[in-house]
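Novice: I'd like to ask you about the structure that follows.
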Amino acid sequence: MSSIKQFQVTFDCAEPERVARFWCEVLGYVILPPAGFDTWEEFDRSQSAEEQGSWCACSDPSGVGPRLFFQRVPEGKVVKNRVHLDVRVGTGLVGEERLAVLEAECARLLPLGAMRVRLLYDGNDSCIVMQDVEGNEFCVD
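Those letters in the sequence shown? Residues 49 to 189, per our numbering, in order.
Shown next as structure tokens:
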């Protein structure tokens, strides 16, 4: 049986570069150009006018996290995501200590264009449901 060595997470979106740059700020990722190109701009120049700006990608500079790929789609988001990212900043913490760390991360993400949706808190465990710049849900966990 073979094992999977790598995977990427793909986002459907209206503005791939904008959403990619948001997630770079959230996760400390960097924009990576397609193979054979020095930049996404150079890649775009090789595409037809209607295809330009249709894709963008970023990755973890340490090589640990998955690559994120963003592709333009014509339709807007209309329902809740079936899959979402959890931004893990409170691992191992509980109660008020955990909540304080989550709230600090939420406060950092709001000026980047994120939107707070709701706090889920039961006195011990917690997470903050948020949306990225195009309304994709994610959790600060």
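Just so you know, even glycine gets a beta-carbon here, dropped at the ideal spot from N, CA and C. Only a predicted model underlies this, so the values are computations on that prediction, with no experimental measurement involved.
Could you tell me the alpha carbon to alpha carbon distance between CYS154 and LEU141, rounded to whole angstroms?
Specialist: Their backbone Cα atoms lie some 16 Å apart in a straight line.
Novice: Pick out whichever of LEU133, ARG115, ARG146, GLU98 has its Cα sitting closest to the Cα of ASN184.
Specialist: LEU133
Novice: Buried or exposed: which applies to PHE186, given that a residue is buried once 16 or more other Cβ atoms fall within 10 Å of its Cβ?
Specialist: Here PHE186 is buried, its C-beta having at least 16 other C-beta atoms within 10 Å.
Novice: Is the stretch 101–111 touching the stretch 76–85, taking contact as three or more C-beta pairs under 8 Å?
Specialist: yes
Novice: I'd like the span of the beta strand (DSSP E) that includes VAL74, first residue to last.
Specialist: Annotation for VAL74: no beta strand (DSSP E) segment contains it, though the alpha helix (DSSP H) segment containing it runs 64–75.
Novice: Could you check whether GLU73 and PHE118 sit closer than 9 Å to each other, using their CB atoms as the reference points?
Specialist: no
Novice: Would you mind reading off the limits of the beta strand (DSSP E) that contains ILE105?
Specialist: One detail in the question is off: residue 105 reads as Ala in this sequence, not Ile. Its beta strand (DSSP E) spans residues 103–107.
Novice: In this structure, how does DSSP classify ASP60 when only helix, strand and coil are distinguished?
Specialist: strand
Novice: Starting from ARG118, follow its DSSP beta bridges and name the residues at the other end.
Specialist: At residue 118 the sequence reads Phe, which differs from the Arg that was named. PHE59, CYS104.
Novice: Would you grab the beta carbon distance between GLU182 and ALA62 for me? Rounded to a whole angstrom, and I think it's under 8 Å.
Specialist: 6 Å
Novice: On the DSSP bridge list, what partners appear for GLN179?
Specialist: MET163, GLU185
Novice: Classify ASP70 as buried or exposed, calling it buried when 16 or more other Cβ atoms lie within 10 Å of its own Cβ.
Specialist: Residue 70 is actually Phe in this sequence, not Asp. Buried is the call here.
Novice: Under three-state DSSP, which class holds VAL149?
Specialist: helix
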